[in-house]
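Numbering (our numbering), first residue to last: 2 to 100. For each residue, glycine too, the CB sits at the ideal point set by N, CA and C. This report refers to the structure that appears directly beneath it.
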């Protein structure tokens, strides 16, 4: 976990955001269909629909969440071999910049 924490943390956040979008979007979409007097669709059919794709790509709040998570993860997590990351296993006191 310590060697690839940034990648794993970011990937987990993306998967959780997509899962939340899928669950909430499916419920809202079916409610809208019921209000229009149409038959509800299954979860798999919703995931393959253009409505799900549009909801995911137009969700502006998710972009802000992604940037905030990346900033927070970059401070806390490290990636071995990355020039932007502190050396893995090195204490903060050794790598901290004093000014």
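Contact set for residue i: own chain, Cβ-Cβ below 8 Å, skip 5 residues either direction
i          : result
residue 23 : 44, 47, 48 and 53
residue 41 : 31, 34 and 35
residue 72 : none
Straight-line gap, residue i to residue j (C-alpha atoms, nearest Å)
i          : j          : result
residue 75 : residue 35 : 44 Å
residue 59 : residue 37 : 23 Å
residue 5  : residue 11 : 10 Å
residue 21 : residue 56 : 12 Å
residue 16 : residue 68 : 15 Å
Check whether residue i and residue j have beta carbons under 8 Å apart
i          : j          : result
residue 70 : residue 25 : no
Sequence-distant residues of the same chain with beta carbon closer than 6 Å to residue i, five excluded per side
i          : result
residue 28 : none
Cβ neighbours of residue i in the same chain (closer than 7 Å, five flanking residues each side left out)
i          : result
residue 51 : none
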